[in-house]
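Structure first, then comments.
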Amino acid sequence: MKNQEFLNKLSNCINHCNHCADACLDEDNLKKMVDCIRKDKVCASACASLADILTIKDANVAGLVKYCEMVCTQCAEECKKHETQHCQDCAEACRECAEACRQYAA
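Going by our numbering, the residue at position 48 of the sequence shown is 84; the numbering climbs one at a time, nothing skipped.
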């Protein structure tokens, strides 16, 4: 997978996670959204860090790619538990990003 394609998947995931976390704050039962918000924030931060480091030539990102895959998978699993459209969209973006991490690492 080319870096630009990977960066696009990371960016999409970051955007969906940030939107989801913000939209979760408007939900009626905020208490049930706490784990979702936290996972969104961790996932967006991990993806942003990886995207930043990928721009550095010859940077060793293997460990960060593996971590990013893990947090994207965890975020997708949490988001898919919620019926809201923003959570479902975020879950899909996270699944796609986790798959892009697996492809990049292969």
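All C-beta atoms, glycine included, are put in the ideal place defined by N, C-alpha and C.
Three-state class that DSSP yields for residue i in the structure shown
i, result
"threonine 109", "helix"
"histidine 122", "helix"
"lysine 187", "This structure leaves residue 187 out entirely; the chain is present only between 37 and 142."
"glutamate 135", "helix"
"alanine 141", "helix"
"glutamate 63", "coil"
Element boundaries [alpha helix (DSSP H), containing residue i]
i, result
"asparagine 39", "39-60"
"alanine 95", "Per DSSP, alanine 95 belongs to no alpha helix (DSSP H) and is neither H nor E."
"lysine 77", "70-90"
Sub-9 Å separation of residue i and residue j beta-carbons
i, j, result
"alanine 84", "glutamate 105", "no"
"cysteine 79", "cysteine 49", "yes"
"cysteine 60", "threonine 120", "yes"
Min CB distance residue i to chain C below 9 Å
i, result
"aspartate 64", "Within the model displayed, chain C is absent; a lone protein chain is all it includes."
Note to self: Quick test of the definition: if touching needs 3 or more C-beta pairs under 8 Å, does the region 85-98 touch the region 63-75?
What the structure shows: no
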